[in-house]
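Asks: In our numbering, the protein residues as written are 1 to 518. Here a beta-carbon is modelled for each residue, glycine too, at the ideal position from N, C-alpha and C. Given the structure is predicted, the values throughout are model-derived calculations rather than measurements.
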Amino acid sequence: MKKLLSLFIISALVTTFYACSDDETPNLAAPSLTAPTAADVQVGTTATLDFAYTAAAGFASSTATATGGTVTVDTDGTDGATSGTISVTFTAGASAAAGSVTVTVTDKEGDSNNITAVFAVTTQPVIPNEVLSGVLDNKSLTNDRIYELAGRVIVPDGKVLTIQEGTIIKGREGNGALASALIISRGAKIEAVGTADEPIIFTSILDNIKVGEIAGTNLDKLDNEKWGGLIILGKAPISAKDGDTETAVEGLPADEAYGLYGGNVPADDSGTLKYVSIRHGGTLIGEGNEINGLTLGGVGSGTEIDHVEIFATLDDGVEFFGGTVNVTNLLVYWQGDDGVDIDMNYSGTVTNFMVYHGDGVGTDEGLEIDGPENSTYKDGKFTLKDGTIVSDGVAGSAADIKADAQGTLQNLVFSGYSSAKLKFEGEYTTGDCTDHANKVYSDAVQQLLDGVFVITGTKYDAIEVYSKKDSNDVPFCASVPQTDKDAAAAKATSDAAATGATTSEFAWTMAAKAGLLN
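#1: Does LYS485 come out as helix, strand or coil in the three-state DSSP assignment?
#2: Please work out which residues of its chain come closer than 7 Å, Cβ to Cβ, to ALA196, disregarding the five sequence neighbours upstream and downstream, and give them in chain order.
#3: Is it buried or exposed, LYS402, if we count other Cβ atoms within 10 angstroms and call 16 or more buried?
#4: For THR78, does the three-state DSSP call read helix, strand or coil?
#5: What are the uninterrupted segments assigned as alpha helix (DSSP H) that are 4 or more residues long and contained completely in the segment 463 to 510, given in chain order?
#6: Classify ILE184 as buried or exposed, calling it buried when 16 or more other Cβ atoms lie within 10 Å of its own Cβ.
#7: Can you confirm whether the segment 297 to 317 touches the segment 328 to 344 when touching is taken to mean that 3 or more C-beta pairs between the two stretches lie within less than 8 Å?
#8: By Cβ distance, which residues of its chain are closer than 8 Å to MET1, with the 5 residues on each side in sequence left out?
#9: Could you pull the start and end residues of the beta strand (DSSP E) that LEU28 belongs to?
#10: Based on Cα-Cα distance, which residue from GLN447, GLY176 and PHE506 lies nearest to ALA492?
#11: Secondary structure at ALA512, three-state DSSP: helix, strand or coil?
#12: Please classify ASP107 as buried or exposed, where buried requires at least 16 neighbouring CB atoms within 10 angstroms.
#13: Between SER83 and TYR53, which are expected to be in contact by the criterion C-beta below 8 Å, what is the C-beta distance as a whole number of angstroms?
#14: Just confirm the distance between the C-beta atoms of VAL465 and ASP484, as a whole number of angstroms; I'd bet it's less than 8 Å.
#15: What number of angstroms, rounded off, separates the C-alpha of GLY286 from the C-alpha of ASP341?
#16: Assign GLN482 to one of two classes, buried (16 or more other C-beta atoms within 10 Å of its C-beta) or exposed (fewer than that).
#17: Secondary structure at HIS280, three-state DSSP: helix, strand or coil?
#18: Should ILE9 go down as buried or exposed, given a rule of 16 or more other Cβ atoms within 10 Å for buried?
#19: Using DSSP's beta-bridge definition, name the partner residues of GLU427.
#20: Taking the Cβ atom as the reference point for each residue, do THR363 and GLY396 lie within a distance shorter than 7 Å?
#21: Can you tell me whether LYS210 is helix, strand or coil according to DSSP?
#22: Could you check whether the segment 151 to 167 touches the segment 175 to 191, counting it as contact only if at least three pairs of C-beta atoms, one from each stretch, sit closer than 8 Å?
#23: Go through its chain and collect everything with a Cβ distance to ASN208's Cβ below 7 Å, but skip five positions before and after it.
#24: On the DSSP bridge assignment, give the partners of TYR147 in chain order.
#25: Starting from the C-beta of ASN292, find all residues in its chain whose C-beta is less than 6 Å away, skip the five residues before and the five after it, and write them out in chain order.
#26: What does LYS385 pair with, by DSSP beta-bridge criteria?
#27: Buried or exposed for VAL327, please, with buried defined as at least 16 other CB atoms from any protein chain shown within 10 angstroms of its CB.
#28: Helix or strand or just coil, what does DSSP make of ALA177?
#29: Since LEU219 is in the beta strand (DSSP E), which residue starts that stretch and which ends it?
#30: According to the neighbour-count rule (16 or more other Cβ atoms, all chains shown, within 10 Å of its Cβ), is GLN124 buried or exposed?
#31: Are the CB atoms of GLU365 and ASP400 within a distance shorter than 7 Å?
#32: From MET510 to GLY298, what distance separates their C-alpha atoms?
#33: I'd like to check one pair, ILE463 with LEU422: are the Cβ atoms closer than 7 Å?
#34: Output the boundary residues of the beta strand (DSSP E) element that contains VAL452.
#35: Whole angstroms are fine: how far does the CA of SER479 sit from the CA of THR503?
#36: Can you give me the Cβ contacts of ALA117 inside the same chain, cut-off strictly under 7 Å, excluding the 5 residues immediately before and after it?
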């Protein structure tokens with residue numbers, strides 16, 4: 001009897017051991033899949049899509065479903081395989097629609113997973129990107145395809161580039177001589193007229209925006225320096241160094257005519273920019289010279305610029321090198337340097353504008369303003385009117401006014417700064433810092449004191465006077481006289497009733513659509 005009982009116990013233990021061993025065997029990971037990047041498909045045509053899979057427990061079966069058309073499995077997974085590719089054919093339906101293909105894989109343990117490739121079924125043929133390079137003839141760009149800028153693309157004297165509403169232009173990556181930029185030379189024109197619903201978009205080749213869309217999904221306000229920018233050059237007066245009335249864009253060969261700007265035609269016409277968004281630019285065009293989102297060199301008042309957005313550029317949002325062009329409804333969002341930069345005696349008017357700059361991109365000033373650089377042309381004065389300059393964080397300062405800056409700030413609001421100071425640079429030359437008391441030198445401070453630089457109806461915190469520094473970053477004047485500070489502060493009074501920009505004009509922009517303006 002004891003022997004029989006022992007055999008029974010041993011049998012039970014063995015059975016228990018095997019049962020426990022079966023229970024403790026872990027399940028292998030469920031299948032995983034990778035969807036292809038699917039291009040749009042024209043109605044009535046087919047497209048082949050390849051889905052990669054891994055199945056640690058071994059492939060058992062798959063299914064495929066579709067919207068906007070039908071799908072068949074051409075090449076299925078291999079039974080028991082731990083990885084492979086499932087190839088399917090999608091046949092588009094008879095009408096335009098959102099299209100998708102979903103593939104589901106089941107493994108030998110009965111676990112399943114799926115993934116979906118999304119695309120559009122269109123009535124128009126899918127047209128490949130068109131590459132623009134070198135010097136263009138008269139040309140029209142249409143909104144049925146993507147255009148790529150391969151390096152410097154130049155519209156030369158006497159030629160016109162026409163861009164249809166809703167057109168997307170993408171700049172390729174590259175620095176220096178390989179930097180992508182669109183350059184409208186003196187005597188050439190750009191006619192880029194978008195609408196609020198179909199803006200013209202300049203962006204990076206890395207942006208996944210597609211034809212018919214107004215924004216991609218993979219780049220944001222921190223993504224800059226992905227391509228160059230838009231450069232427009234004209235024949236209006238400028239005040240360059242050494243008495244020059246014309247000069248070349250920094251970073252471009254000085255002996256190449258396409259990079260020159262300036263002249264004596266105040267009403268020069270370089271074309272039209274309306275409802276244009278310029279995004280993710282600012283790459284280097286030359287040593288130490290980044291391309292601005294929009295560069296305007298000697299552009300004349302015959303040019304129309306209205307409703308323009310500069311979004312996430314590494315350098316300035318817009319820089320004016322002289323010229324007389326007027327700009328309305330301008331938004332600069334998260335630039336890496338200055339929002340609006342004025343140089344070489346720009347003498348036009350910027351009306352209803354907004355600069356919105358923040359942390360993380362090395363942002364500098366909301367406004368940076370310089371005056372004429374020689375005595376040949378000193379008559380022009382700029383006006384910045386109805387503007388809102390916002391700090392979105394702690395980086396950057398409100399405004400830096402330098403050299404012989406001359407013009408007017410009217411109905412501007414500076415907000416969000418820890419201290420919204422308007423800084424005026426004094427170019428002190430004497431060791432005792434008595435330049436302004438003795439009127440030794442004319443600079444931004446003296447321009448303010450003499451009423452050549454005017455601040456009216458503007459809301460700010462304070463006016464600050466500081467000394468220019470030498471090449472070793474040492475101020476020429478170690479301690480700015482209090483009399484200079486007091487005299488400058490007395491020349492203007494902050495106006496709490498200032499209203500700034502009419503922000504509803506920016507509702508069409510990428511920044512507004514993304515909910516970034518608040």
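Replies: The short version:
#1: Here the question's residue 485 lines up with position 485 in the sequence shown. Assigned with DSSP and collapsed to three states, LYS485 falls in helix.
#2: Looking up residue 196 in the sequence shown gives position 196. Excluding residues within five positions, the ones whose Cβ falls inside 7 Å are TYR275 and TRP508.
#3: Residue 402 sits at position 402 when you count from the first residue of the sequence shown. So LYS402 ends up on the buried side.
#4: Taking the sequence shown and counting its residues from 1, the one referred to as residue 78 is at position 78. Shown here, THR78 sits in coil according to DSSP, grouped into three states, outside any helix or strand.
#5: Correct list: 482 to 489.
#6: What you label residue 184 is simply residue 184 of the sequence shown in a count that begins at 1. Counting Cβ neighbours within 10 Å, ILE184 comes out buried, since at least 16 surround it.
#7: The segment 328 to 344 and the segment 297 to 317 touch, with no fewer than 3 CB-CB distances between them shorter than 8 Å.
#8: The residue labelled residue 1 in the question sits at position 1 within the sequence shown. Confidence in MET1 is poor, its pLDDT being 46 and thus under 50, which makes the residue's placement unreliable; the coordinate value appears in the next sentence. Sequence-distant partners of MET1 (beyond 5 residues in either direction) whose C-beta falls short of 8 Å from its own C-beta are missing from its chain.
#9: Reading the sequence shown from its first residue, position 28 is the one you call residue 28. If you look at LEU28, you'll find it isn't in any beta strand (DSSP E); DSSP assigns it neither H nor E.
#10: As a first step, residue 492 must be located in the sequence shown, where it is residue number 492. Closest in C-alpha terms to ALA492, from the list GLN447, GLY176 and PHE506, comes GLN447.
#11: By 1-based counting over the sequence shown, the position of residue 512 is 512. The answer is helix: DSSP assigns ALA512 an H, G or I state.
#12: Start at 1 with the first residue of the sequence shown, and residue 107 comes out as number 107. Taking every protein chain shown into account, the CB of ASP107 has 16 or more other CB atoms within 10 angstroms, so this residue is buried.
#13: Stepping through the sequence shown from its first residue, residue 83 is reached at position 83. Stepping through the sequence shown from its first residue, residue 53 is reached at position 53. Contact holds; Cβ gap of about 7 Å.
#14: Taking the first residue of the sequence shown as 1, we reach residue 465 at position 465. Taking the first residue of the sequence shown as 1, we reach residue 484 at position 484. Taking a contact as a CB-CB distance under 8 Å, the pair VAL465 and ASP484 counts as one, their CB atoms being some 5 Å apart.
#15: Locating residue 286 in the sequence shown gives position 286, where the first residue counts as 1. Locating residue 341 in the sequence shown gives position 341, where the first residue counts as 1. C-alpha of GLY286 to C-alpha of ASP341: approximately 19 Å in a straight line.
#16: Here residue 482 is taken as the residue at index 482 of the sequence shown, counted from 1. Exposed.
#17: Translated into the one-based positions of the sequence shown, residue 280 becomes position 280. In this structure, HIS280 counts as coil in the three-state DSSP scheme.
#18: The residue you call residue 9 lines up with position 9 of the sequence shown. Its pLDDT being 42, under 50, ILE9 is placed unreliably by the model, and nothing is read from it.
#19: On the sequence shown, position 427 is the one that residue 427 refers to. GLU427 is bridged by DSSP to nothing; it lacks a bridge partner.
#20: The residue given as residue 363 occupies position 363 in the sequence shown. The residue given as residue 396 occupies position 396 in the sequence shown. Yes, they are a contact pair.
#21: As a first step, residue 210 is located in the sequence shown; it is residue number 210 there, counting from the start. Reduced to three states, the DSSP call for LYS210 is coil.
#22: Contact between the segment 151 to 167 and the segment 175 to 191 is present, because at least three Cβ pairs lie under 8 Å.
#23: Position 208 of the sequence shown, counted from the first residue, corresponds to residue 208. Only residues of its own chain outside the window of five on either side were considered, and among them GLY216, THR217 and ASN218 have a CB closer than 7 Å to the CB of ASN208, listed in chain order.
#24: For this step, residue 147 is matched to residue 147 along the sequence shown. Residue pairing by DSSP puts TYR147 in a beta bridge opposite GLU130 and ILE169.
#25: As a working mapping, residue 292 is identified with position 292 in the sequence shown. Scanning its chain for C-beta atoms nearer than 6 Å, with the 5 sequence neighbours on each side dropped, one finds around ASN292 the residues GLY229, ASP315, ASP316 and GLU319, in chain order.
#26: Here residue 385 is taken as the residue at index 385 of the sequence shown, counted from 1. Its beta-bridge partners are THR351 and GLN410.
#27: Position 327 of the sequence shown, counted from the start, is the residue given in the question as residue 327. VAL327 should be labelled buried.
#28: In the sequence shown, counting from the first residue as 1, residue 177 sits at position 177. If DSSP states are grouped into helix, strand and coil, ALA177 belongs with the helices.
#29: Taking the sequence shown and counting its residues from 1, the one referred to as residue 219 is at position 219. Looking at the DSSP string, LEU219 is not in any beta strand (DSSP E), and its letter there is neither H nor E.
#30: Start at 1 with the first residue of the sequence shown, and residue 124 comes out as number 124. A residue is called buried once 16 or more other Cβ atoms fall within 10 Å of its Cβ, and GLN124, having fewer, is exposed.
#31: On the sequence shown, residue 400 is found 400 positions in, with the first residue counted as 1. On the sequence shown, residue 365 is found 365 positions in, with the first residue counted as 1. In this structure, ASP400 lies near GLU365, with their beta-carbon atoms less than 7 Å apart.
#32: Position 510 of the sequence shown holds residue 510. Position 298 of the sequence shown holds residue 298. Rounded to the nearest angstrom, the gap between the Cα atoms of MET510 and GLY298 is 28 Å.
#33: By one-based count along the sequence shown, residue 422 stands at place 422. By one-based count along the sequence shown, residue 463 stands at place 463. Between LEU422 and ILE463, the C-beta gap is smaller than 7 Å, which places the two residues in contact.
#34: What you label residue 452 is simply residue 452 of the sequence shown in a count that begins at 1. The continuous stretches of beta strand (DSSP E) do not include VAL452, and DSSP gives it neither H nor E.
#35: Numbered from its first residue, the sequence shown carries residue 503 at position 503. Numbered from its first residue, the sequence shown carries residue 479 at position 479. Approximately 41 Å between the Cα atoms of the pair.
#36: Looking up residue 117 in the sequence shown gives position 117. Sequence-distant Cβ neighbours of ALA117 in its own chain, meaning closer than 7 Å and more than five residues away, are ALA35, PRO36, ALA38, LEU49, SER100 and VAL101.
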